[in-house]
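Novice: Numbering (my numbering), first residue to last: 10 to 691.
(1) With three or more C-beta pairs closer than 8 angstroms as the rule, is the segment 313-322 touching the segment 287-303?
(2) In chain order, what residues of the same chain have a beta carbon less than 6 angstroms from the beta carbon of residue 368, not counting five sequence neighbours either side?
(3) Leaving out five residues before and five after residue 40 in sequence, what residues of the same chain have Cβ atoms less than 6 angstroms from its Cβ?
(4) Specify whether the segment 447-467 and the segment 230-240 touch according to this definition: at least 3 beta carbon pairs, one from each stretch, less than 8 angstroms apart.
(5) Should residue 344 be labelled buried (16 or more other beta-carbon atoms within 10 Å of its own) or exposed?
(6) Alpha carbon to alpha carbon, how far is residue 282 from residue 58? Give it in angstroms, no decimals.
(7) Report the start-end ranges of each beta strand (DSSP E) in the segment 528-614 that is 3 residues or longer and not cut off at the edges.
(8) With distances taken Cα to Cα, identify the nearest neighbour of residue 211 among 429, 528, 536, 53.
(9) Starting from residue 61, trace the beta strand (DSSP E) in both directions and tell me its first and last residue.
(10) In three-state DSSP terms, what is residue 392?
(11) Could you say which of 653, 278, 68, 656 lies nearest to residue 361 if we only look at CA atoms?
(12) Just to confirm, are residue 121 and residue 378 a CB contact at a threshold of 8 angstroms?
(13) Beta-carbon within less than 6 angstroms of residue 546's beta-carbon, same chain only, minus the 5 sequence neighbours each way: which residues are those?
(14) Please state the DSSP three-state secondary structure of residue 650.
(15) Where does residue 221 land, buried or exposed, given buried means 16+ other C-beta within 10 angstroms?
(16) Would you tell me roughly how many angstroms separate the C-alpha atoms of residue 447 and residue 441, rounded to the nearest one?
(17) For residue 336, which residues of its own chain have a beta-carbon under 6 angstroms away from its beta-carbon, when the five flanking residues on both sides are left out?
(18) Apart from the five residues on each side of it in sequence, which residues of its chain come closer than 7 angstroms, Cβ to Cβ, to residue 472?
(19) How should residue 167 be labelled, buried or exposed, when 16 other C-beta atoms within 10 angstroms of its C-beta is the threshold for buried?
(20) Could you confirm whether any beta carbon from chain D is found closer than 8 angstroms to the beta carbon of residue 363?
(21) Measure the CB-CB distance between residue 600 and residue 561 and report whether it falls below 8 angstroms.
(22) Got a sec, what are the start and stop residues for the alpha helix (DSSP H) residue 321 sits in?
(23) When DSSP builds the beta bridges, which residues end up paired with residue 656?
(24) For a test of the three-state rule: what should DSSP assign to residue 616, helix, strand or coil?
(25) Nearer than 7 angstroms: is that true of the beta carbon of residue 337 relative to any heavy atom of the ligand PLP?
(26) Please determine if the segment 609-624 and the segment 572-586 are in contact, where contact requires at least 3 C-beta pairs separated by less than 8 angstroms.
(27) List the whole-angstrom C-beta distance separating residue 498 from residue 88, where the pair is believed to meet the contact cut-off of C-beta under 8 angstroms.
(28) State the DSSP-derived secondary structure class of residue 286, mapped to helix, strand or coil.
(29) Kindly list the residues whose CB is nearer than 8 angstroms to the CB of residue 252, restricted to its own chain and excluding five residues on each side of it in sequence; keep chain order.
(30) Looking only at DSSP bridge pairs, what is residue 243 linked to?
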């Protein structure tokens, strides 16, 4: 529908179908002035930023058992404890390193900003790719783990009831639905509701604290009941029967350690969101980092200790989870025991899904930072309908869904992809802080260099361990994609720099015209209102000469076009017919204009009538060659291509309105409206 003029004299333009659908789906658009940057207190920031980190206690210990149990049997529950302490030692080292990061770099961006400031933008792309991969895998891992928690609860409450069994078999689709829901919510601007995301984290802390405390009290009072480790669907016990490392080779322990390293994912969340803290930002972020690490460490140790006592064994399908088995054992079979089990599992699922949502905050912001540095497409810097970085959200959703479908939503397979990106980011942050302190004379300089250097080396070793031990289990994908990603980002930046250099240094004299004589060509493929509009526009510019040209690929069509041209109201403007036997119209046009420009030493302007049809059917029913022709011609010196649009939909609406009003409209003389139907449309 064409625009209308309101009584006040303003033009009211109709909205497109796509925009109306977006408005209904996402709500009314927000204006830039409504963009707020809320500063969070330490308690709220802990809940908002820690979800991804602390939620990993729900599956970290279980992923170590997945490797240990098939290899060493019952001894796995003994080996689990020292491995947990190794991971906790690494947690302490990384926590001290990231305390330095948040103290020095108070702008959001984490290891990417650290690497960029200390090693330059090209080296920083290693951290960029690492973090982008981390965010993508986080969505898949957290969503899959949350679904496992839901399915586990159903299995404990209703056994193998038909609905529970159906969900457990098709849990991938539930996970996909959750990711799509998170995408929709973030496109609507759910990111701004930061305080609401603090509640699940605190409920999860309460639930896991209740589980660990009740479980350890039962142990202290002499209850050492062990669960059945031979249930159908569990990982089969290996050959080990006793002894600490009996039957365990170094590779098995390294693989288990690599899986357990997934417990430390999300540790960088506070450094990525340090700008959201109240002043003094660095000091508040440090305090919150310590609390978050303490909560994570306590939870991971508690889950591992209960697994050591109860012999909770992972299932091949992923459900029931180790945490759900421990909760069922700790709380018992009374009504309040079931109530506690429901609470723990629901808050576990909720915090895991919330942890997945942290990527929808972090990924678009990081992508916008990298795009601002011209290493990613600049479309990623633009805020969308609801002031969210819509392009980044959609990219994150699409890639994470592909990852979920490729792995079948299996948590163990997803964990194999996890830690390489995470610990590469840790490595870059630690190394960057070493460079930062090395270049500055400051108190405790040697100690700070030692802490960050140790964190960088330890993280680098974990990357190597993960790449080697998990290579055949899916880590090869990250090993291959990682260097390709870094290379691609650098190539994007090179292209942007080359384009900027060309636009900045190309010699252009804006004071005098290149040629005194102006010749204007009009490309004619049929005689209709679009061509007549282009002719009127050409005459309004008063060039030295106007030429209408048609490239003939069908002699009968050309003869009919001549007849219509002779009867059309085009004045004394002749139609030039150029034979095009090989049907390469664009090439023939370029050759004609190039010859004219060189021979006549003229400035050439090519007018291309473009008929705009409906967005959907128009793309299916009509060719759209105007842009292609304009790009080809625009490469010639002293030549300018101008597209003259004609909106067919609006013209059709006006025709219907006129018919409804009883107004009779005349068509072009001797022209049948059905002539040339889709003959050579733009």
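The beta-carbon is built from N, C-alpha and C at its ideal position, and this holds for glycine as well.
Specialist: Taking the coordinates as given:
(1) Contact fails: fewer than three Cβ-Cβ distances are below 8 angstroms.
(2) Closer than 6 angstroms at Cβ, skipping near neighbours: 144, 147, 148.
(3) Note that residue 40 has pLDDT 46, beneath the 50 cutoff, so the model's placement of it is unreliable and no number is given.
(4) No: the two stretches stay apart, fewer than three of their Cβ pairs being nearer than 8 angstroms.
(5) Counting of Cβ neighbours within 10 angstroms places residue 344 among the exposed residues, the total staying below 16.
(6) When the Cα atoms are used, residue 58 and residue 282 turn out to be separated by approximately 7 angstroms.
(7) Runs found: 554-561, 584-588.
(8) Ranking the options by Cα distance to residue 211, first place goes to 53.
(9) First-last for residue 61: 60-63, but that is the alpha helix (DSSP H), not the beta strand (DSSP E).
(10) For residue 392, the three-state secondary structure derived from DSSP is coil.
(11) Of the listed residues, the one whose Cα sits closest to residue 361 is 68.
(12) Contact annotation: residue 121 and residue 378 have beta-carbon atoms nearer than 8 angstroms.
(13) Within the same chain, residue 546 has close Cβ partners 653.
(14) DSSP, reduced to helix, strand and coil, places residue 650 within a strand of the structure shown.
(15) It is buried - the Cβ of residue 221 has at least 16 other Cβ atoms within 10 Å.
(16) Across the structure, residue 447 and residue 441 are spaced so that their CA atoms are roughly 10 angstroms apart.
(17) Only 220, 350, 353 meet the Cβ criterion.
(18) Correct list, in chain order: 429, 432, 433, 436.
(19) Residue 167 should be labelled exposed.
(20) The structure shown contains no chain D; it holds only a single protein chain.
(21) No, the Cβ-Cβ distance between residue 600 and residue 561 is not below 8 angstroms.
(22) From DSSP, residue 321 is part of no alpha helix (DSSP H); its letter is neither H nor E.
(23) The partner list for residue 656 (beta bridge, DSSP) reads 621.
(24) Residue 616 falls in the strand class under three-state DSSP.
(25) Within the structure as shown, the ligand PLP is missing, as the structure has no ligands at all.
(26) The segment 609-624 makes no contact with the segment 572-586, as fewer than three CB pairs between them are under 8 angstroms.
(27) With 8 angstroms as the limit, residue 498 and residue 88 do not qualify as a contact, their Cβ atoms being about 40 angstroms apart.
(28) In this structure, residue 286 counts as strand in the three-state DSSP scheme.
(29) Reliability of the predicted coordinates at residue 252 is poor, the pLDDT of 44 falling under 50, and no value is obtained from them.
(30) As DSSP reads the structure, residue 243 sits in a beta bridge with 324.
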